Amino acid sequence: MLNLNRIIALSLLAFSSAYGYLSYTYNLLPFERFLAVKPNTMPIGLSIAGIICSIAILIQPTDSNEIIEGDGTVNRADGEYLKNPHNFNWGQGVGLLILAFIYSISLRELGFILCTSTFLFLGGFILGNRRYILLITISISASVIFWYLVEKVLSIYLRPWPIWIF
Numbered sequence: 000m001l002n003l004n005r006i007i008a009l010s011l012l013a014f015s016s017a018y019g020y021l022s023y024t025y026n027l028l029p030f031e032r033f034l035a036v037k038p039n040t041m042p043i044g045l046s047i048a049g050i051i052c053s054i055a056i057l058i059q060p061t062d063s064n065e066i067i068e069g070d071g072t073v074n075r076a077d078g079e080y081l082k083n084p085h086n087f088n089w090g091q092g093v094g095l096l097i098l099a100f101i102y103s104i105s106l107r108e109l110g111f112i113l114c115t116s117t118f119l120f121l122g123g124f125i126l127g128n129r130r131y132i133l134l135i136t137i138s139i140s141a142s143v144i145f146w147y148l149v150e151k152v153l154s155i156y157l158r159p160w161p162i163w164i165f
């Protein structure tokens, strides 16, 4: 039986397969062939993860019993609740898209650590998390740790601070 989960899993399988094929057949430059981490390593890993996840969703047995809670929510991923567009959180989705657009524009001017910390904090705020100390702590630590890994471990330069500081 084809339901919403299986349709999405089939589209993810098709996308991941095509992405994996294109990543695998990507022509490397001569000096890139001997690198420890090649430019196509991460895309190949992502495509394999997408293929595994989509196959796992496709082989799951379908459950025709849906449990409706007292507050009207349906405990099934593709229940009637999801068929009505008025039940979606459109404001949060549009807010996150706008925030991602602003993040991509301001990344060079504000620097990676400040821009990413602000993005993670505001993203959590838009999604409804009101524990500000936890949001600040996690957003700053995640930004600094990710910057350190990219900058020092992978040797990819990311401007950590705004342009006007350095």
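Residue numbers (numbering that gives the first Met the number 0): 0 to 165.
Where a beta carbon is used, it is the ideal one built from N, C-alpha and C, also for glycine.
This structure is a prediction, so every number in the text was calculated from the model and none was measured.
For residue i, which residues of its own chain have a beta-carbon under 8 angstroms away from its beta-carbon, when the five flanking residues on both sides are left out?
i: Y18; result: P42, L45, S46 and G49
i: Y156; result: E150
i: F14; result: G49
i: L134; result: L119, F120, G123, F124 and N128
i: P38; result: Y25, L27 and E31
What separation, rounded to the nearest whole angstrom, lies between the Cα atoms of residue i and residue j?
i: W89; j: L126; result: 11 angstroms
i: L27; j: Y147; result: 26 angstroms
i: F118; j: Y131; result: 14 angstroms
i: I97; j: L11; result: 24 angstroms
i: I101; j: S116; result: 13 angstroms
i: R158; j: E108; result: 9 angstroms
i: P60; j: Y23; result: 32 angstroms
Please classify residue i as buried or exposed, where buried requires at least 16 other C-beta atoms within 10 Å of its C-beta.
i: I6; result: exposed
i: L21; result: exposed
i: A99; result: exposed
i: G110; result: buried
i: I112; result: buried
i: S53; result: buried
i: A55; result: exposed
i: A141; result: exposed
i: S154; result: exposed
i: N35; result: First, the amino acid is wrong: residue 35 is Ala here, not Asn. A35 should be labelled exposed.
Leaving out the 5 sequence neighbours to the left and right, which residues in its chain are closer than 7 angstroms to residue i when beta-carbon positions are compared?
i: G122; result: L95 and L98
i: C114; result: Y102, S105 and L106
i: Q91; result: I125 and L126
i: I144; result: none
Original post:
Enumerated in chain order, which unbroken segments of the alpha helix (DSSP H) with a length of 4 residues or greater are wholly contained in the segment 77 to 118?
Top reply: 89 to 109
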